[in-house]
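Student:
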Amino acid sequence: MRVQRCKGSRDLSPEEMARFRLIEGAFRDCCLKWGYEEVRTPTLEYLHLFTSIGTLTPSMLGKVYSFLDWDGWSGERVVLRPDGTIPVARLYIDSMKEKELAKLFYVANVFIFEETGKETRERWHCGAELIGVSSTIADVELLILALEVLKRLRLENVELRLSHAGLIRALLRQLGLSPEEQTKIFDEILDGDVEALARIKSARPELGKTLTSLLDLKGKSAGFLKNLKVLFNQNLPELEPSLGDFINVVDLLETLGCDYQIDITSGRGFEYYTGVIFQLFVGEEKIGGGGRYDALIPLMGGRDVPASGFALYLDRLMNLVKPETLTGPLTQRILVRAEPGMVKEVFGVANCLRDAGYVAELQLISQKLVDIRWTLDVQSKAPLFILTDQVKRKMFKVQTTAEVLRLLGEKGADKSSFA
Amino acid sequence: MQIKVALPKGRLLGETATLLEEAGWGLSSYHEKMRSYRLKCQRFPDLLARVFHEKDIPIQVAIGNYDLGICGLDWVEELLVKYPSSALIKLKNLGYGEGALYVVASKSEVIPTVEEMQAERSMIRIASEYPNLAESFALNLRLRRFSIFPLWGAAEVYPPESAGLALIPVRTDEELFNCELMPVSNVLNFSAFLIANSSSWERKDLSRILTSVENKLPSMKERRSSVSKVRTQKTASQYPSRGVAEDLIWLALPDGHQQLPTLQLLNKAGIQVDDYPSAAGNRRPTTSLDGVMVKVIRPQDMPLQVANGNFDLAITGRDWLTEHLYRFPSSPVTELLNLKFGKVKIVAVVSKDLPVTDIYSLRQLIAERLAPFRVASEYVNIADKYARDNHLGMYRVIPTWGASEAFVPEDADVLIENIETGRTLARHNLKVIDALFESTACLIGSKDGVFSVRKDKRVKSIIETLRAAVEGI
Numbered sequence: 001m002r003v004q005r006c007k008g009s010r011d012l013s014p015e016e017m018a019r020f021r022l023i024e025g026a027f028r029d030c031c032l033k034w035g036y037e038e039v040r041t042p043t044l045e046y047l048h049l050f051t052s053i054g055t056l057t058p059s060m061l062g063k064v065y066s067f068l069d070w071d072g073w074s075g076e077r078v079v080l081r082p083d084g085t086i087p088v089a090r091l092y093i094d095s096m097k098e099k100e101l102a103k104l105f106y107v108a109n110v111f112i113f114e115e116t117g118k119e120t121r122e123r124w125h126c127g128a129e130l131i132g133v134s135s136t137i138a139d140v141e142l143l144i145l146a147l148e149v150l151k152r153l154r155l156e157n158v159e160l161r162l163s164h165a166g167l168i169r170a171l172l173r174q175l176g177l178s179p180e181e182q183t184k185i186f187d188e189i190l191d192g193d194v195e196a197l198a199r200i201k202s203a204r205p206e207l208g209k210t211l212t213s214l215l216d217l218k219g220k221s222a223g224f225l226k227n228l229k230v231l232f233n234q235n236l237p238e239l240e241p242s243l244g245d246f247i248n249v250v251d252l253l254e255t256l257g258c259d260y261q262i263d264i265t266s267g268r269g270f271e272y273y274t275g276v277i278f279q280l281f282v283g284e285e286k287i288g289g290g291g292r293y294d295a296l297i298p299l300m301g302g303r304d305v306p307a308s309g310f311a312l313y314l315d316r317l318m319n320l321v322k323p324e325t326l327t328g329p330l331t332q333r334i335l336v337r338a339e340p341g342m343v344k345e346v347f348g349v350a351n352c353l354r355d356a357g358y359v360a361e362l363q364l365i366s367q368k369l370v371d372i373r374w375t376l377d378v379q380s381k382a383p384l385f386i387l388t389d390q391v392k393r394k395m396f397k398v399q400t401t402a403e404v405l406r407l408l409g410e411k412g413a414d415k416s417s418f419a
Numbered sequence: 420m421q422i423k424v425a426l427p428k429g430r431l432l433g434e435t436a437t438l439l440e441e442a443g444w445g446l447s448s449y450h451e452k453m454r455s456y457r458l459k460c461q462r463f464p465d466l467l468a469r470v471f472h473e474k475d476i477p478i479q480v481a482i483g484n485y486d487l488g489i490c491g492l493d494w495v496e497e498l499l500v501k502y503p504s505s506a507l508i509k510l511k512n513l514g515y516g517e518g519a520l521y522v523v524a525s526k527s528e529v530i531p532t533v534e535e536m537q538a539e540r541s542m543i544r545i546a547s548e549y550p551n552l553a554e555s556f557a558l559n560l561r562l563r564r565f566s567i568f569p570l571w572g573a574a575e576v577y578p579p580e581s582a583g584l585a586l587i588p589v590r591t592d593e594e595l596f597n598c599e600l601m602p603v604s605n606v607l608n609f610s611a612f613l614i615a616n617s618s619s620w621e622r623k624d625l626s627r628i629l630t631s632v633e634n635k636l637p638s639m640k641e642r643r644s645s646v647s648k649v650r651t652q653k654t655a656s657q658y659p660s661r662g663v664a665e666d667l668i669w670l671a672l673p674d675g676h677q678q679l680p681t682l683q684l685l686n687k688a689g690i691q692v693d694d695y696p697s698a699a700g701n702r703r704p705t706t707s708l709d710g711v712m713v714k715v716i717r718p719q720d721m722p723l724q725v726a727n728g729n730f731d732l733a734i735t736g737r738d739w740l741t742e743h744l745y746r747f748p749s750s751p752v753t754e755l756l757n758l759k760f761g762k763v764k765i766v767a768v769v770s771k772d773l774p775v776t777d778i779y780s781l782r783q784l785i786a787e788r789l790a791p792f793r794v795a796s797e798y799v800n801i802a803d804k805y806a807r808d809n810h811l812g813m814y815r816v817i818p819t820w821g822a823s824e825a826f827v828p829e830d831a832d833v834l835i836e837n838i839e840t841g842r843t844l845a846r847h848n849l850k851v852i853d854a855l856f857e858s859t860a861c862l863i864g865s866k867d868g869v870f871s872v873r874k875d876k877r878v879k880s881i882i883e884t885l886r887a888a889v890e891g892i
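Listed in order, the protein sequences are those of chains A and B. Position 72 of the first sequence, counted from 1, bears residue number 72 in our numbering, the numbering being contiguous throughout. Position 215 of the second sequence, counted from 1, bears residue number 634 in our numbering, the numbering being contiguous throughout.
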């Protein structure tokens, strides 16, 4: 029998975990500094959290891992969470609903079936949610926070693409479609089908051209949005609130000197967006996204609380981040070796070293000295300790642990970064 | 090169047999009373035909056990909707066995609109033999909260008391109408299809076989048009709808071959049931018991129904109760009374040609081979637990819907099956290597049932009446 890894799953090696923690660390650090608090939700949730209109699109729902639990005889299905935002909204309704403002972040795995098995089916998201406030500043705060994390990771050529779910919805309402058709086309547009609108037989054909021009907004500026607003004010006043909201966000971004592009067909798979949607790209690789989802919490049975959030895709960032640009050389470890019968002493001295902030490991097999600068030999007769600098090939013979520590300090040995 | 074809039992058997007869296949005994499920073909000596329950055919073709298959499009879609990347190609509509899948509700209730269903916050229950299509329907309709009851059959009798909606196959609009059901949505139109495994399709020369069938299709279509439409008997239904009488007791009686012994026991206990077994297919017989409503459903489906409070009492087999409890250990369903008839043994069975005598030598054999080990059974959870408890290594459970004995040895290595006499096993060249447990008919109920005093009294009195009858046997 061959031992196999599950199709579509991945292992993270020590080297990859180092990258993982680096990105996670940068993200956590930024969020904490902006006043966000960390939460963790369970891997299993009830499927029904994700099924109603206004949560996930059917194409995404067709790829979730759902099953009956051992006590699922009622037919109530559970699911490996396919998304990070909805569980956090559930958590908020569950136990934080008294909070006027909740600024939460998480690092969590989400599970989506990917047919080819080429992409991993378990993905890690670094997400932040801002619950309880609906304002241009709030939208922009999340955007800037996401960009700051990427800057900390020294990513270059990050591209910000903006869309507006409210604008798309308002447009669809103007076309005289049934609510079902509106949802269907909204999903298609969000799933990246640019042609979806063109195929509809509109009840108001005269709108066709204006609408197409809106969907074709790719790459245009705030100025263009403002021009459109003037145009629509006359024949489509219903679009005004969404368009106004969109303009406020891009205006503020321009004030802050933040580059962006407008691309209406964003937000794949997520029906819960109601306002600004943003996507982050490096080249053709999408590395994150987010937006405003004011209707989600009331839809799930909570109070009428506005919210917005984003997630960065950790797996993709891991391929882009160059660890050497972010850290110095690896911490040099101290290998503690001993004569037979000196077990107690070895454990004792290694503990002293760790207490002092060094990385000390015991020699378990005779090993090559890779990544190890210092060795410490513990002997039963004097000298009790021999400290060797393996790089400079120098030996120090001493009698006490205090002297060992003093020498390490003088020679500038690395202390552990976890200290 | 051998070519393997999976052919249907049941509703499509007659017309499929006619088609293949006209195509000149010269199959050995492909008819209702066949004694073997493996058929030889005179015209194509390298063709091996094997008869399956229709529902098994898309799975068998998709996993590559068979190159070609004939079955209804309904069962093909039931597989594809859940596993879209299945290695299966729909080759040809054969033009017979036509029908449609409908989501239906009872006429006695107000039929909900799509918007109402989407807005509904409480659980919408959907009963069906097609659980994957039912789930897809619910997801696409964006129901907030739904529960699918997978069934072995008789879905049409579930609404309105036992489920809000049912997804059922319908031959004509007449049938729906007669069942006191109203269509809510048409999910799929289907007919018999010729299907192929996609890798066989790319690699094997199937052209002679396909041509023989292709040439006969027009004559099949002509014949079909003269066939009169299928109609079912109108069933009597003056049932109170849900909520009208909370004190009512819902009793589930089995369909199939346990009907006569069940009736005998009930009669012995002094309980009269009219029109059971019903020649006309009536699934709502009436009884002399005061305040008791009866529905006739599949014994396989009863434990789940009792667990969900859709029935208070049910007469099923201990095998199906065990199957349910292995899947849902905390289920409230429990055996109230051993009814002692319908005795069978649940056993593990292998081919006589396999050099093993017991589970230990079987485990040894498995350890030595590379291919995953296949356990076929109608009892998927009993089979799964058996394989787990006996450390059968890298095993796969293959669910079957009847005629399981023909799976070994080609399509499965071990079978978990019930036997009465063992004669069927001998005929299929099989031997028993382990006995799991003995099963008889039993009365089941729920530990969690919270009844009114009046209802509780009635339930207890039924149990006692039946106990007296059993002990008198």
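C-beta atoms are modelled at their ideal positions from N, C-alpha and C, and glycine is treated no differently. Every value quoted in this text rests on a predicted model; they were computed, and no experiment measured them.
I think residue 291 of chain A touches residue 128 of chain A, with their Cβ atoms under 8 Å apart; what is that distance to the nearest whole Å?
Tutor: Here residue 291 of chain A refers to the residue found at position 291 of the first sequence. Here residue 128 of chain A refers to the residue found at position 128 of the first sequence. The pair is not a contact, with the Cβ atoms about 12 Å apart (cut-off 8 Å).
Student: Residue ranges of each beta strand (DSSP E) run of no fewer than 3 residues wholly in the stretch 816 to 860 of chain B, ordered along the chain?
Tutor: Listed in chain order, the complete beta strand (DSSP E) runs (minimum 3 residues) inside the stretch 816 to 860 of chain B are 833 to 838 and 849 to 858.
Student: Whole alpha helix (DSSP H) runs in the stretch 569 to 606 of chain B with 4 or more residues, listed along the chain?
Tutor: The qualifying runs are 592 to 597.
Student: Can you find a CB in chain A that lies within less than 9 Å of the CB of residue 504 of chain B?
Tutor: Taking the second sequence and counting its residues from 1, one reaches residue 504 of chain B at position 85. By this cut-off, residue 504 of chain B is an interface position.
Student: First and last residue of the beta strand (DSSP E) that includes residue 304 of chain A?
Tutor: Counted from its first residue, the first sequence places residue 304 of chain A at position 304. Segment: none, residue 304 of chain A is in no beta strand (DSSP E) and carries neither H nor E.
Student: Where are the beta strand (DSSP E) runs, 3 residues long or more, that stay fully inside the stretch 519 to 558 of chain B, in chain order?
Tutor: Listed in chain order, the complete beta strand (DSSP E) runs (minimum 3 residues) inside the stretch 519 to 558 of chain B are 543 to 547.
Student: How many angstroms separate the CA atom of residue 230 of chain A from the CA atom of residue 66 of chain A?
Tutor: In the first sequence, counting from the first residue as 1, residue 230 of chain A sits at position 230. In the first sequence, counting from the first residue as 1, residue 66 of chain A sits at position 66. Approximately 48 Å between the Cα atoms of the pair.
Student: Could you tell me which of B:534, B:538, B:673 and B:584 sits nearest to residue 553 of chain B, measuring between CA atoms?
Tutor: As a position in the second sequence, residue 553 of chain B is number 134, starting the count at 1. The candidate whose alpha carbon is nearest that of residue 553 of chain B is B:584.
Student: Check the Cβ-Cβ distances between residue 44 of chain A and every residue of chain B, and say whether any is below 9 Å.
Tutor: Sequence index remark: in the first sequence, residue 44 of chain A carries index 44 (1-based). No, because no Cβ of chain B sits closer than 9 Å to the Cβ of residue 44 of chain A.
Student: Mind the definition here: the stretch 508 to 517 of chain B touches the stretch 431 to 449 of chain B only if three or more C-beta pairs lie below 8 Å; say whether that holds.
Tutor: The stretch 508 to 517 of chain B is in contact with the stretch 431 to 449 of chain B.
Student: State buried or exposed for residue 377 of chain A, treating a residue as buried only when at least 16 other CB atoms are found within 10 Å of its CB.
Tutor: Working through the first sequence from its first residue, we reach residue 377 of chain A at position 377. Residue 377 of chain A is buried by the Cβ-count criterion.
Student: Taking residue 848 of chain B as the query, report the chain A residues whose CB atoms sit under 7 Å from its CB, ordered along the chain.
Tutor: For the purposes of this step, residue 848 of chain B is taken as the residue at position 429 of the second sequence. Residues of chain A passing the Cβ test: none, with the nearest at roughly 28 Å.
Student: Under 9 Å, do residue 794 of chain B and residue 786 of chain B count as touching if we go by C-beta distance?
Tutor: Mapped onto the second sequence, residue 794 of chain B falls at position 375. Mapped onto the second sequence, residue 786 of chain B falls at position 367. No, the Cβ-Cβ distance between residue 794 of chain B and residue 786 of chain B is not below 9 Å.
Student: Check the Cβ of residue 48 of chain A against every Cβ in chain B and list those closer than 8 Å, keeping chain order.
Tutor: One-based indexing of the first sequence puts residue 48 of chain A at position 48. Under the 8 Å cutoff, chain B gives 563, 564 and 565.
Student: Under 9 Å between C-beta atoms, does residue 120 of chain A make it to chain B?
Tutor: Here the question's residue 120 of chain A lines up with position 120 in the first sequence. Taking Cβ atoms only, chain B never reaches closer than 9 Å to residue 120 of chain A, which makes this a no.
Student: For residue 388 of chain A, which residues does DSSP report across the bridge?
Tutor: Translated into the one-based positions of the first sequence, residue 388 of chain A becomes position 388. Per DSSP, A:375 and A:395.
Student: Short check: CB of residue 438 of chain B to CB of residue 468 of chain B, under 9 Å?
Tutor: Counting from 1 along the second sequence, the entry for residue 438 of chain B is found at position 19. Counting from 1 along the second sequence, the entry for residue 468 of chain B is found at position 49. Cβ distance not < 9 Å, so residue 438 of chain B and residue 468 of chain B don't count as in contact.
Student: Output yes if chain B places a C-beta closer than 9 Å to the C-beta of residue 9 of chain A; else output no.
Tutor: Counting from one through the first sequence, the residue named residue 9 of chain A turns up at place 9. No, its Cβ sits nowhere closer than 9 Å to a Cβ of chain B.
Student: Determine, for residue 61 of chain A, whether the minimum Cβ-Cβ distance to residues of chain B falls below 9 Å.
Tutor: Within the first sequence, numbered from 1, the residue matching residue 61 of chain A stands at position 61. Judged by the 9 Å Cβ criterion, residue 61 of chain A is in contact with chain B.
Student: With DSSP collapsed to three states, give me the class of residue 437 of chain B.
Tutor: Taking the second sequence and counting its residues from 1, one reaches residue 437 of chain B at position 18. Of the three classes helix, strand and coil, the one that applies to residue 437 of chain B here is helix, per DSSP.
Student: Compare the C-beta of residue 177 of chain A against all C-beta atoms of chain B and say whether one is closer than 9 Å.
Tutor: Numbered from 1 along the first sequence, position 177 holds the residue referred to as residue 177 of chain A. So, not an interface residue.
Student: Does residue 542 of chain B have its Cβ less than 9 Å from a Cβ in chain A?
Tutor: Your numbering for residue 542 of chain B matches position 123 in the second sequence. True, the Cβ-Cβ gap to chain A drops below 9 Å.
Student: Please classify residue 673 of chain B: does DSSP put it in a helix, a strand, or coil?
Tutor: Within the second sequence, numbered from 1, the residue matching residue 673 of chain B stands at position 254. It is a strand residue.
Student: Could you check where the beta strand (DSSP E) with residue 163 of chain A kicks off and where it finishes?
Tutor: Within the first sequence, the letter at position 163 stands for residue 163 of chain A. Counting along the chain, the beta strand (DSSP E) containing residue 163 of chain A begins and ends at 158 to 164.
Student: Just curious, the beta strand (DSSP E) that residue 476 of chain B is in, first and last residue?
Tutor: Position 57 of the second sequence holds residue 476 of chain B. Unbroken run through residue 476 of chain B is the alpha helix (DSSP H), 475 to 481; no beta strand (DSSP E).
Student: Taking the alpha carbon of residue 462 of chain B as the reference point, which residue from B:445, B:472 and B:477 has its own alpha carbon closest?
Tutor: Position 43 of the second sequence, counted from the start, is the residue given in the question as residue 462 of chain B. Here the closest residue by C-alpha is B:445.
Student: Using DSSP with H/G/I as helix, E/B as strand and the rest coil, what is residue 450 of chain B?
Tutor: Within the second sequence, numbered from 1, the residue matching residue 450 of chain B stands at position 31. In the structure shown, residue 450 of chain B sits in coil (DSSP, three-state: anything other than H, G, I, E or B).
Student: I think residue 476 of chain B touches residue 490 of chain B, with their Cβ atoms under 8 Å apart; what is that distance to the nearest whole Å?
Tutor: As a first step, residue 476 of chain B must be located in the second sequence, where it is residue number 57. As a first step, residue 490 of chain B must be located in the second sequence, where it is residue number 71. So it is a contact: roughly 4 Å between Cβ atoms.
Student: Does the distance from the C-beta atom of residue 312 of chain A to that of residue 149 of chain A stay below 9 Å?
Tutor: Start at 1 with the first residue of the first sequence, and residue 312 of chain A comes out as number 312. Start at 1 with the first residue of the first sequence, and residue 149 of chain A comes out as number 149. Taking 9 Å as the Cβ cut-off, residue 312 of chain A and residue 149 of chain A qualify as a contacting pair.
Student: Taking all protein chains shown into account, decide if residue 619 of chain B is buried (16 or more other Cβ within 10 angstroms of its Cβ) or exposed.
Tutor: As a working note, residue 619 of chain B is residue 200 in the second sequence. Buried: at least 16 other Cβ atoms inside 10 Å.
Student: Leaving out five residues before and five after residue 759 of chain B in sequence, what residues of the same chain have Cβ atoms less than 6 Å from its Cβ?
Tutor: The residue given as residue 759 of chain B occupies position 340 in the second sequence. 859 and 889, listed in sequence order.
Student: Kindly indicate which residue of B:672, B:520 and B:525 has the alpha-carbon position closest to the one of residue 704 of chain B.
Tutor: Mapped onto the second sequence, residue 704 of chain B falls at position 285. Of the candidates B:672, B:520 and B:525, the one whose C-alpha sits nearest the C-alpha of residue 704 of chain B is B:672.
Student: At a Cβ threshold of 9 Å, is residue 72 of chain A touching chain B?
Tutor: Here the question's residue 72 of chain A lines up with position 72 in the first sequence. Yes, contact with chain B.
Student: What are the boundary residues of the beta strand (DSSP E) that residue 125 of chain A is part of?
Tutor: Here the question's residue 125 of chain A lines up with position 125 in the first sequence. Taken as a continuous stretch (DSSP letters only), the beta strand (DSSP E) holding residue 125 of chain A covers 122 to 131.
Student: Please confirm whether residue 484 of chain B has its beta-carbon closer than 9 Å to some beta-carbon of chain A.
Tutor: For the purposes of this step, residue 484 of chain B is taken as the residue at position 65 of the second sequence. False, the Cβ-Cβ gap to chain A never drops below 9 Å.
Student: At the level of alpha carbons, what is the spacing between residue 654 of chain B and residue 62 of chain A?
Tutor: Mapped onto the second sequence, residue 654 of chain B falls at position 235. Mapped onto the first sequence, residue 62 of chain A falls at position 62. Below a pLDDT of 50, predicted positions are generally treated as unreliable, and residue 654 of chain B, at 37, falls in that range; the measurement from the model is reported next regardless. For residue 654 of chain B and residue 62 of chain A, the distance between alpha carbons rounds to 38 Å.
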